[in-house]
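**Student:**
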Amino acid sequence: MSTAAGTRTGTAAGPTTGADRRTVPPRRRGSRMRRREALAGYLFISPWIVGFLVFTLGAMVYSLVISFSHYSLATDLAVPAGLDNYENLVADPKVRIALANTLFYAVLAVPLEIVLALLLAGLLHRLGRGAGVFRTIYYLPKMTPAVATASIFLLLLNGNTGAINKGLSILGIQGPQWLLDPDWVKPSIVLMTLWGVSGTMVIFLAALKNVPRELYEVASLDGAGPVRQFFAVTVPMISGAIFFNVLVLTIAALQVFDQAYLLYGPAGTGTTPDAALFYGVYLFRQAFEQFNFGFAAAMAWVLFVLVLIITVIQVRVGNRFVYYEGEVR
């Protein structure tokens, strides 16, 4: 009885035999292996971590510090200024003009790029043979250097000898002075931006290929036409891609710089009208032409806060309309 009880007690109490004790070391070896794998992973990504801490996070912290000082690159001297830079920023009429131009550009450029990219993606999605060739052709403008693109559009948008106005004159339409008329300056820059629409198009094309064909068949059996299928099937199923592209394009539009600077900077017309004075261009000039780095840093942080606020609003609103497959609502 006592022997049986002791045997049962030993069994219930836990591992007591030599065979059972030998199961512990493999667990420890597995734990050590996981730690080694984690260490190897951190070592592999350590260049990125160091780069982020030094060149991104460190630069952001430094810019925040000098935004509260009068700092000039010419003298390399920082004098504490408190909130002077931010007060000057609010009082500067050029800042208000640049911010208004940037917001107007974003409102105009983002929807147009979304619509055009979705249209091109839809056309490519319907192609069978030769789709790869057209995808390559459509994507080539995205690979063109920004300087080359600006040079092309300086020729195309010339109000007197440009190819666009010559084409319009054949149709009996008097083309505007694209690069000189304040009413047409921002649309001209938007046209230049749409030249690189293929990046957004590729994302939409990938999303369209993931839409199940069965959904279109069911919608067709229910009597839905192409337009109804587009809004009832296609748009909900690619809403995630639409949401992503809107976020990315909005952030990029609020930081627009190269298009305007290349068209109206030293390499372009040489003079920047108020209609082409975007926030990023004015920030660049304050920093690298006026050497007023404290004021430029304050402008950068105001832009950062503005982009953050707009992004948060878009995320809060957009998540209500985005369909995530498998999500229970």
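Quick note on the UniProt record's numbering: the sequence shown kicks off at 1 and runs consecutively.
Quick reminder that beta carbons are idealized off the backbone N, C-alpha and C, glycines included.
(1) So, with DSSP's three-state summary, where would you put V24?
(2) Determine the closest residue to A253 out of P212, N101, A146, with distance taken between C-alpha atoms.
(3) Is it right to say V50 is buried, meaning 16 or more other beta carbons lie within 10 angstroms of its own, or is it exposed?
(4) Taking just the CA atoms, how far does V95 sit from F257?
(5) Please check the pair residue 334 and L215, which I expect to be a contact at CB under 8 Å, by giving their CB distance rounded to whole angstroms.
(6) Please classify V312: does DSSP put it in a helix, a strand, or coil?
(7) Closer than 8 Å is the cut-off here; do at least three beta carbon pairs connect the stretch 289-299 with the stretch 73-81?
(8) Could you give the DSSP three-state label for S69: helix, strand or coil?
(9) Quick test of your reading: Q314 and L247, contact by CB under 8 Å. State the CB separation rounded to the nearest angstrom.
(10) CB-CB under 7 Å to T250, same chain, minus the five flanking residues each way: which ones, in chain order?
(11) Classify T161 as buried or exposed, calling it buried when 16 or more other Cβ atoms lie within 10 Å of its own Cβ.
(12) Using 10 angstroms around the beta-carbon of I189, count the other beta-carbons present and answer buried if the total reaches 16, otherwise exposed.
(13) Threshold first: 4 residues or longer. Then list the alpha helix (DSSP H) segments lying entirely within the stretch 217-264, N to C.
**Tutor:** Let me lay it out:
(1) The predicted model places V24 with a pLDDT of 48, which falls under 50 and marks its position as unreliable; any figure quoted below should be read in that light. V24 sits in a helix when the DSSP states are folded into three classes.
(2) Its Cα nearest to that of A253, the residue N101 stands out among P212, N101, A146.
(3) Its Cβ having fewer than 16 others within 10 Å, V50 is exposed.
(4) The C-alpha of V95 is placed about 15 Å away from the C-alpha of F257.
(5) Any question about residue 334 goes unanswered here, given that the chain covers just 1 to 329.
(6) Looking at V312 - three-state DSSP - the assignment turns out to be helix.
(7) Yes, they touch.
(8) Strand at S69.
(9) Correct: roughly 6 Å between the Cβ atoms.
(10) Apart from sequence neighbours up to five positions away, the residues of its chain that approach T250 with a beta-carbon distance below 7 Å are A106, V110, I310, Q314, ordered along the chain.
(11) So T161 ends up on the exposed side.
(12) Its Cβ being crowded by 16 or more others within 10 Å, I189 is buried.
(13) List check, alpha helix (DSSP H) in window: 226-229, 239-254, 258-264.
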